[in-house]
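To keep things clear, I will list the structure first and then write my remarks on it.
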Amino acid sequence: MIAYCCDGCGKEMKKGDLRYTVRIDVRAAYDELEIGLSDLVRDYRAEMLALIERLRHKDPKEIEETVYKGFQFDLCPSCQQAYIRDPLRFHPEQGGEPDTEIDIDGFLRSLGIPPDENDDQRSR
Ligand SMILES: [Zn+2]
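The sequence shown begins at 43 in this note's numbering and counts up one residue at a time.
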């Protein structure tokens with residue numbers, strides 16, 4: 043039974059297959075706040091009203107995304123290899139073979155995660 047699709051290459055993954063989750067938070071960055079005398083005497087009310095007027099006809103989702111946008115992806119082992127090598131220029135075809143010297147499946151089984159019944163059909 044197909045439980046997940048790799049968001050990198052589209053490979054179908056069954057429940058119990060090794061997969062990776064990538065969570066990305068894109069947030070607006072702010073410098074440390076420094077308050078001076080000029081900040082204390084500024085007319086914030088007028089600035090706020092002007093800002094509200096400028097935002098009035100904008101798409102709320104677009105405005106929200108200028109401050110925060112989150113993503114979550116599922117990756118197969120091959121795409122995970124490509125992703126961690128160069129996260130900002132990730133291409134699934136750069137994945138190659140997962141490192142077979144490290145038996146991650148064996149490790150997961152030792153934690154009590156059931157082995158995959160159709161392991162021999164898994165593409166390597
Ligand atoms: Zn993939």
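The beta-carbon is built from N, C-alpha and C at its ideal position, and this holds for glycine as well.
Output the boundary residues of the alpha helix (DSSP H) element that contains residue i.
i	result
Val-83	79–83
Leu-91	86–97
Tyr-110	Note, Tyr-110: premise wrong, no alpha helix (DSSP H); beta strand (DSSP E) at 110–117.
Pro-102	102–107
For residue i, I'd like the list of residues in its chain whose CB is within less than 6 angstroms of its CB, leaving aside the five on either flank, ordered along the chain.
i	result
Phe-113	Ile-66
Arg-166	With a pLDDT of only 41 at Arg-166, under the threshold of 50, the placement of this residue in the model should not be trusted, and no figure is reported.
Gln-163	Any reading at Gln-163 needs caution, since the residue's pLDDT is 44, under 50, leaving its predicted position unreliable; the model's value is listed next. No residues qualify anywhere along the chain.
Closer than 6 angstroms: is that where the CB of residue i sits relative to any heavy atom of ligand 1?
i	result
Cys-47	no
Gly-154	no
Pro-129	no
Lys-56	no
Pro-102	no
Gly-78	no
Lys-111	no
Which whole-angstrom value describes the C-beta separation of residue i and residue j, a residue pair presumed to lie in contact below a C-beta threshold of 8 angstroms?
i	j	result
Thr-108	Ala-71	Contact doesn't hold; Cβ gap of about 12 angstroms is too wide.
Leu-53	Ala-45	Note that residue 53 corresponds to Lys in the displayed sequence, not to Leu. Contact flag wrong, Cβ pair sits at about 12 angstroms.
Phe-115	Asp-49	4 angstroms
Quick check on the DSSP output: the beta strand (DSSP E) that includes residue i runs from which residue to which?
i	result
Glu-76	From DSSP, Glu-76 is part of no beta strand (DSSP E); its letter is neither H nor E.
Lys-56	54–56
Asp-59	Asp-59 -> no beta strand (DSSP E), and no H or E assigned at all.
Cys-174	Any answer about residue 174 is impossible in this case: the structure gives the chain only from 43 up to 166.
State yes or no: is the beta carbon of residue i nearer than 7 angstroms to at least one beta carbon in chain B?
i	result
Ala-88	The displayed structure is made up of one protein chain only, and chain B is not part of it.
Check whether the Cβ of residue i lies closer than 6 angstroms to any heavy atom of ligand 3, and answer yes or no.
i	result
Gly-138	Although ligand 3 was asked about, the structure shown includes only ligand 1 as ligands.
Looking only at its chain, what residues have a beta carbon closer than 8 angstroms to the beta carbon of residue i, apart from the 5 residues adjacent to it on each side?
i	result
Arg-127	Gln-136
Can you give me the Cβ contacts of residue i inside the same chain, cut-off strictly under 7 angstroms, excluding the 5 residues immediately before and after it?
i	result
Ser-80	none
Pro-129	none
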